[in-house]
Amino acid sequence: MILAKICVLGEVSVGKTSLIRRFVDRSFSDAYLTTVGVKISRKLVRLEPDPSGIAADTDLQLVIWDLEGGHNSIDLSSTYLKGARGAIVVGDLTRSSTLDQLQEHIDRFRYVNPQGRVVIALNKSDLQTGAAGAIVDRWNDVAGVAKTICTSAKTGKGVDELFTALGMSILQDTGNAAEH
Amino acid sequence: MPQSTETALHRQAVVYIMLDSSLCITEMSEEAPLWADDPRSVQVGNDIRLGFPELVGAEADLQAVLEGNRPSLIISGISRIPHDAAPFFVTVTVTLYRGASRSMDTLVLMVEDVSKWMDEIQRRTQMSNDAIALANAMTASKVFIENIFDAIADMLIVTSANGIINAVNRATLTLTEYTSTELIDQPITLILPGEQLREGFTISWQSAPTEFRCVSKSGESIPVSFTRAPLDTEGHVLRGVVYLGRDLREQKQAAARISKLETENLSLHEVLRTNQDTTDIVWSSPVMNTLMENLSKVAATDTTVLITGETGTGKELVARAIHNLSSRSKTMLVTVNCAALPEGLVESELFGHEKGSFTGALQKRTGRFELADGGTIFLDEIGELPMATQAKLLRVLQGEEFERVGGTHPVRINTRVIAATNRDLAAQVREGRFREDLLFRLNVFPLHVPPLRERPEEIPLLVEHFLRLFSRRTNKHVTSVDPKAMRKLMQYSWPGNVRELANVIERAMIVCDGQTLTESKLALVDVSRQTEAAGTSFDEMARQHLLRTLEECGGVIEGPRGAAAILGLKPATLRSRLRKLGIERVGGGFRYTS
Ligand SMILES: Nc1nc2c(ncn2[C@@H]2O[C@H](COP(=O)(O)OP(=O)(O)O)[C@@H](O)[C@H]2O)c(=O)[nH]1
Ligand SMILES: [Mg+2]
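Residue numbers (the working numbering), protein chains in the order written: chain A, 1 to 180; chain B, 1 to 594.
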């Protein structure tokens, strides 16, 4: 079994905690619960063999860090980001300002973990009326973003796919490293 | 002797766990599993990461601690939510426990319950939640907007393709103070003078929220955020435009409030860190008696206090005591270490800044002074304040208003100022590095904390105090000190004062096996080196120490093996200290110039 630390990053109230709870506990709550300090959750994911055959039937234990939103001191967050193999960077489709901040969160994560894998969640897709295709395309083109997925912590749409995509990306990384 | 505060929580004490180099548990306190995320997996022989998942990913840092390249690893404020008990928070500290030989070095993991502090942060954060919840609810309501036209609190305006108003909802009328007949058939520019009408919009046109000034009938200019969407397009021809607008006045106030709460939150983190080592003041000597008497007298007033004394004498404890004894004790004591702030940011940290006032000022920030409004601000290491900031501080001390960096509105606050320094400010004034008028203002009520070597009679009492304190932390029951060891403690010159004494005792207790501390367990700095150092100035000692450390690190400042990490400083702090001490990079190394 492989243990991998991952962080969930994004502006306050974009749905970081909700995505983790949907994935880990299979539940959702409308109440807004601020995360004070750090909550660490764990979940075992079993990855199906992928076409490239790298991640065949592997057990991956994700150790998921839920950090506070907003800009706290860099010092604080880099302790928390350190050693993470990947990050889920979350934006809220209904608030474009949170999408504008995605790059900053990616940069901050990359600064601490240059090799870290990144996937983007465009969350609250259940509230979004227009098409998000253009936004997804835009982010998929950004260097170093393994995948961009529209998610809804409320309905569960895209959530498993999101964590699995990050898990796969981390395993491919491990696979590549092992080959060297 | 004053008792330090102690609550009856069963999780109060610190537990420890010893690890071998492969991070497996070799020994631990009985209660250790209670602090874990998964208590069942905390057993001798098991990988520590099973019970303490926060250590996954920290392997490189742990290795650095084990190799002595890093003093410790601290992960603070981790929440635990047990199935059968109330949630709590822990801080995990990993340090090196030196064995008899290198190969016997082990890692010690100490886990401390910090719920008390985190609860306070939670309580404060909760207040900002209501504002956030409201904002979320409003976002969601956009989906149903067409159906609740008039009931909605947002402004809704429909215009024709050429910008003539066709319909408005009630919120629009309330905000603009016009009647519907006054608005219908008028151009949109009547209320939104900034709107630029465009022709030939295509179906794909849709705009992100834009901030407009909406002008009311009485001429008031109100900030409103508008989203515009095309209406009823047929064959790519625009029929009209729907404007959805939100009054930003309240949101702006809420944002300011949240920003204040965030800063508070940040300060609490700092409190959390510094308070881990805080204990009550313990004293018995006549000099300290006088000091404490003066302290309680001045506490009751709002007078500015300047605390002087060498490092480690407990100036922060004195400041805290003043605050706690004052009428402001129910409010915040905001502590600012002026030496730890990056030089370019001191002013904005203290006084706040407006969004966009300089590169990197992405958001408006509430300064520490505003944060301490109604309370007390403690400016530690005041001697390190840049001249420009000194001028602004002087104005505040004189009761004048100040402006945020890049701001235009004056801010007035009511904050009590306590400052501290280990420098000779009068000498700094002579050297032109400190403003004389500011010194006068600060020096209204000076309190001098004498160095420990001037009151050796207090050492036995302090030792007893720390023995008790650390018994709980280290789970050891050391109750006495061997007379020979005590004599050595009393003869030592304590350049690091009470803090050094506390460290020496704590270290001695970790390595002590019995109930009595013996001389051999005391790790006091070699006395011959002491005398050699005597006569050199503090700056010179610091300079030599920094140069030696830099050399050991091959001139590297940042990173886990860098000098900053070894010295336990932030890289920016180290750089500014080097500048102040006249140490410059020359070629690959560092040298003292001038
Ligand atoms: N409709 C909807 N609401 C969501 C979704 N995800 C989160 N929320 C709500 O958004 C608010 C903030 O979510 P939270 O997970 O606490 O955000 P965090 O600050 O990023 O951790 C809560 O009220 C959630 O119920 C989603 O996918 N759809
Ligand atoms: Mg959260």
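Glycine residues also receive a C-beta, built at the ideal position from the N, C-alpha and C atoms.
**OP:** Kindly identify the DSSP beta-bridge partner or partners of His545 of chain B.
**Re:** Per DSSP, His545 of chain B has no beta-bridge partner at all.
**OP:** Leaving out five residues on either side along the sequence, give the residues of the same chain with a beta carbon under 7 Å from the beta carbon of Met1 of chain B.
**Re:** Summary for Met1 of chain B: the model assigns pLDDT 33, below 50, so the residue's position carries little reliability; its value from the coordinates is reported in the next sentence. When the five nearest sequence neighbours on each side are left out, the beta carbons in the same chain lying within less than 7 Å of the beta carbon of Met1 of chain B are those of Val282, Leu461, His465, in order along the chain.
**OP:** Examine ligand 1 and report whether any of its heavy atoms sits within less than 8 Å of the Cβ of Leu102 of chain A.
**Re:** Every heavy atom of ligand 1 is 8 Å or more from the Cβ of Leu102 of chain A, so no.
Original post:
Within the present structure, is the beta-carbon of Ser18 of chain A separated from the nearest heavy atom of ligand 1 by less than 8 Å?
Top reply: Yes, the beta carbon of Ser18 of chain A sits closer than 8 Å to at least one heavy atom of ligand 1.
**OP:** Apply the 10 Å Cβ neighbour rule to His323 of chain B and answer buried if 16 or more other Cβ atoms are within range, or exposed otherwise.
**Re:** With 16 or more other CB atoms across the displayed protein chains lying within 10 angstroms of its CB, His323 of chain B is buried.
Original post:
alpha helix (DSSP H) containing Glu182 of chain B: first to last residue?
Top reply: Taken as a continuous stretch (DSSP letters only), the alpha helix (DSSP H) holding Glu182 of chain B covers 180 to 183.
Original post:
How would you call Met387 of chain B, buried or exposed, if buried means at least 16 neighbouring beta carbons within 10 angstroms?
Top reply: An exposed status is given to Met387 of chain B, since fewer than 16 other beta-carbon atoms sit within 10 Å of its beta-carbon.
Subject >> Extent of the continuous alpha helix (DSSP H) to which Ile188 of chain B belongs >> reply: Counted as a single uninterrupted DSSP element, the stretch harbouring Ile188 of chain B is not any alpha helix (DSSP H), since DSSP gives it neither H nor E.
Subject >> Endpoints, beta strand (DSSP E) assigned at Ile74 of chain B >> reply: Counting along the chain, the beta strand (DSSP E) containing Ile74 of chain B begins and ends at 72 to 80.
Original post:
Under three-state DSSP, which class holds Asn324 of chain B?
Top reply: In the structure shown, Asn324 of chain B sits in a helix (DSSP, three-state: H, G or I).
**OP:** Measure from the alpha carbon of Phe590 of chain B to the alpha carbon of each residue in B:Ala572, B:Gly554, B:Leu569, then state which is nearest.
**Re:** Just measuring C-alpha positions, the residue of B:Ala572, B:Gly554, B:Leu569 sitting nearest Phe590 of chain B is B:Gly554.
**OP:** Name the one or two DSSP bridge partners that Pro33 of chain B has.
**Re:** Answer is none; Pro33 of chain B lacks a bridge partner.
Subject >> Identity of the residues DSSP links to Ile17 of chain B by a beta bridge >> reply: Paired residue(s): B:Met28, B:Leu109.
Subject >> N- and C-terminal bounds of the beta strand (DSSP E) containing Asp66 of chain A >> reply: Run containing Asp66 of chain A: 58 to 66, per the beta strand (DSSP E) assignment.
**OP:** Taking 9 Å as the cut-off, decide whether the C-beta atoms of Ile74 of chain B and Val92 of chain B are in contact.
**Re:** Contact: yes.
Original post:
Hey, Arg368 of chain B and Ile377 of chain B: beta-carbon distance below 9 Å or not?
Top reply: Yes, these two residues count as a Cβ contact at 9 Å.
Subject >> Close Cβ partners of Gln101 of chain A (< 6 Å) along its chain, the five nearest in sequence each way excluded >> reply: Around Gln101 of chain A: Glu11.
Original post:
Ala132 of chain A: beta carbon under 8 Å from a heavy atom of ligand 1?
Top reply: If you check the C-beta of Ala132 of chain A against ligand 1, you find no heavy atom less than 8 Å away.
Subject >> chain A contact for His353 of chain B (CB, 9 Å cutoff) >> reply: So, not an interface residue.
**OP:** Check whether the Cβ atoms of Arg246 of chain B and Met155 of chain B lie closer than 9 Å to each other.
**Re:** Yes, the Cβ-Cβ distance between Arg246 of chain B and Met155 of chain B is below 9 Å.
**OP:** Check the Cβ-Cβ distances between Leu3 of chain A and every residue of chain B, and say whether any is below 9 Å.
**Re:** Yes, Leu3 of chain A counts as interfacial toward chain B.
Subject >> Helix, strand or coil at Lys476 of chain B according to DSSP, with G and I counted as helix >> reply: Taken through DSSP and simplified to helix, strand or coil, Lys476 of chain B comes out as coil.
Original post:
Under a CB-based cut-off of 9 Å, is Arg42 of chain A close to chain B?
Top reply: Answer yes: the Cβ-Cβ gap between Arg42 of chain A and chain B drops below 9 Å somewhere.
**OP:** Express the C-alpha separation of Val429 of chain B and Gln491 of chain B in angstroms, rounding to a whole number.
**Re:** When rounded, the distance between both Cα atoms is 35 Å.
Original post:
Got a sec, what are the start and stop residues for the beta strand (DSSP E) Val45 of chain A sits in?
Top reply: Boundaries of the beta strand (DSSP E) around Val45 of chain A: 38 to 47.
Original post:
Going by the CB atoms, is the gap between Val145 of chain A and Ile106 of chain A shorter than 9 Å?
Top reply: Yes, Cβ-Cβ distance for Ile106 of chain A and Val145 of chain A is below 9 Å.
Original post:
What number of angstroms, rounded off, separates the C-alpha of His83 of chain B from the C-alpha of Ser329 of chain B?
Top reply: Going from the Cα of His83 of chain B to the Cα of Ser329 of chain B covers about 37 Å.
**OP:** Compare the Cα-Cα distances from Met1 of chain A to each of A:Cys150, A:Gln61, A:Tyr80, A:Arg85 and report the closest residue.
**Re:** Of the candidates A:Cys150, A:Gln61, A:Tyr80, A:Arg85, the residue whose Cα lies closest to the Cα of Met1 of chain A is A:Gln61.
Original post:
Between Asp92 of chain A and ligand 2, is the CB less than 8 Å from at least one heavy atom?
Top reply: No, since every heavy atom of ligand 2 falls outside the 8 Å radius drawn around the Cβ of Asp92 of chain A.
Original post:
How many Å lie between Gly399 of chain B and Pro71 of chain B at the Cα?
Top reply: C-alpha separation (whole angstroms): 44 Å.
Original post:
Quick one: is Arg85 of chain A near chain B, going by C-beta distance under 9 Å?
Top reply: At least one chain B Cβ lies under 9 Å of Arg85 of chain A.
Subject >> Length of the line joining the Cα atoms of Arg507 of chain B and Leu522 of chain B >> reply: Taking the straight line joining both Cα atoms gives about 8 Å.
Subject >> Val65 of chain B, enclosing alpha helix (DSSP H) - first and last residue >> reply: That run of the alpha helix (DSSP H) goes 59 to 66.
**OP:** Tell me Pro193 of chain B's beta-bridge partners as DSSP assigns them.
**Re:** The partner list for Pro193 of chain B (beta bridge, DSSP) is empty, contrary to what the question assumes.
Original post:
With distances taken from CA atoms, which of B:Gly432, B:Thr304, B:Gly588 is nearest Leu375 of chain B?
Top reply: In the sequence as presented, Leu is not what sits at residue 375 of chain B; that position holds Gly. Gly375 of chain B has its Cα closest to that of B:Thr304, out of B:Gly432, B:Thr304, B:Gly588.
Original post:
Among A:Gln115, A:Ala143, A:Phe109, A:Ala165, which one has its Cα closest to the Cα of Thr262 of chain A?
Top reply: There is no way to answer for residue 262 of chain A, as the model of chain A reaches only from 1 to 180.
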